[in-house]
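Asker: The sequence shown maps to residues 644 to 884 in this note's numbering. I am attaching a structure below and will ask some questions about it afterwards.
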Amino acid sequence: MGTNSFEDVYNTFFAPGEVTEIRAYGLSRKGPWEGYAAGAGVVSGYFDNAKDFAAAAVALEEAKAPGIYFTLNPVDEDLIARAKNRLKAAGPKTSLTTDKDITCIRWLPIDLDPVRKSGISSTDEELAYAFETAGRIHPWFTKYFGFPGPVKGISGNGAHLCYRLPDLTPVERGSEIVKKILVLIARKFDTDQVKIDRAVFNPSRIWKVYGTTARKGDHTEKRPHRKSKLISKSEKEEVSS
């Protein structure tokens, strides 16, 4: 995936000048970032434009980070001073984004994860179950809640639907709204094959950077590592408050 496509990820979720944190895990060596990624191997940086966001995503993908994420909701612009449009290894005392650093709840994220043993990638059949369930959620959601079309993506192992909200504040209230909706969706659409993640309501939730590879466990023919992908963008309308 080229830098233009990673720029598309930033532009889908943020307006120019808005800040998001990129965070990667599982890096245990030096790379195109400041410092040495020891311990949990966390590398982080804050970005306020699509070009630098894309360059960081490319660098982490080339370093084969097992997981590369970004904060789904916009971050307090002052945090850009922690690592302005660059990456650095996170030490034991490094501050990363917390719930109190989020300026609004912009997205309702639905993460459909195939049921399987932990620490391994999904099979093609399991992934298909996730997308089949996603295909049933959207018509129901639109009918009863009037949401416009979501951002659709593949996490690498499951399916993503992200619905645009009208920048809910206060953040705590917006987070509670998202939590209640996720519980409702999970109760209706959970199956023995696919579960909706009920834990993704927190304001500082990190989300897969689409175009990066999900490297869970070893790559096998049956359970391959796959690239995540931004399948389609959201319709631009916001839900009325």
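Backbone N, C-alpha and C define an ideal beta-carbon position, used for all residues, glycine too.
Out of curiosity, what's the CA-to-CA distance linking V826 and E819?
Answerer: Straight-line spacing of the CA atoms in V826 and E819 works out to 11 Å.
Asker: Compare the Cα-Cα distances from R866 to each of S761, A697, A702 and report the closest residue.
Answerer: S761
Asker: DSSP beta-bridge partners for E677?
Answerer: K731
Asker: Which residue wins for smallest C-alpha separation from A857, given the options W850, K870, S847?
Answerer: K870
Asker: Look up I723 in the DSSP assignment and say whether it is helix, strand or coil.
Answerer: helix
Asker: Alpha carbon to alpha carbon, what distance is there between E815 and A802?
Answerer: Distance from the CA of A802 to the CA of E815, rounded to the nearest whole angstrom, comes to 26 Å.
Asker: Judging by CA-CA distance, which residue of C747, V686, A702 is the nearest neighbour of S847?
Answerer: By alpha-carbon distance to S847, the top candidate from C747, V686, A702 is C747.
Asker: State the Cα-Cα distance for the pair G817 and L811, rounded to the nearest angstrom.
Answerer: Distance between the alpha carbons of G817 and L811: 5 Å.
Asker: Along the chain, where does the alpha helix (DSSP H) containing I824 start, and where does it finish?
Answerer: 814-832
Asker: How many angstroms separate the CA atom of M644 from the CA atom of K727?
Answerer: Since pLDDT at M644 reaches only 47, below the 50 mark, its modelled position is unreliable, and the value read off the structure follows with that caveat. Distance between the alpha carbons of M644 and K727: 24 Å.
Asker: Bridge partners of P752, per DSSP?
Answerer: The partner list for P752 (beta bridge, DSSP) reads C805.
Asker: Which ranges does the beta strand (DSSP E) cover as unbroken runs of at least 3 residues, wholly within the stretch 658-718, from first to last along the chain?
Answerer: 663-668, 686-690, 710-714
Asker: How about D651 and L873: are their beta carbons less than 8 Å apart?
Answerer: yes
Asker: Under a three-way DSSP split, which group does L770 fall into?
Answerer: helix
Asker: Enumerate in chain order the residues of its own chain whose CB-to-CB distance from L739 is below 8 Å, with the five nearest sequence positions on each side excluded.
Answerer: E664, R666, V685, S687, A733
Asker: Have a look at the DSSP bridge pairing and note the partners of T785.
Answerer: Partner(s): none; T785 has no beta bridge.
Asker: Pull up the distance between the alpha-carbon of I753 and that of T785, whole angstroms please.
Answerer: Within the model, the alpha-carbon separation for I753 versus T785 is close to 14 Å.
Asker: What do you reckon, are the CB atoms on G674 and A706 nearer than 8 Å?
Answerer: yes
Asker: Restricting to Cα atoms, I'd like to know which of F656, G799, A698 is closest to T766.
Answerer: G799
Asker: Name the residue from V662, V821, V852 whose alpha carbon lies nearest to the alpha carbon of R841.
Answerer: V821
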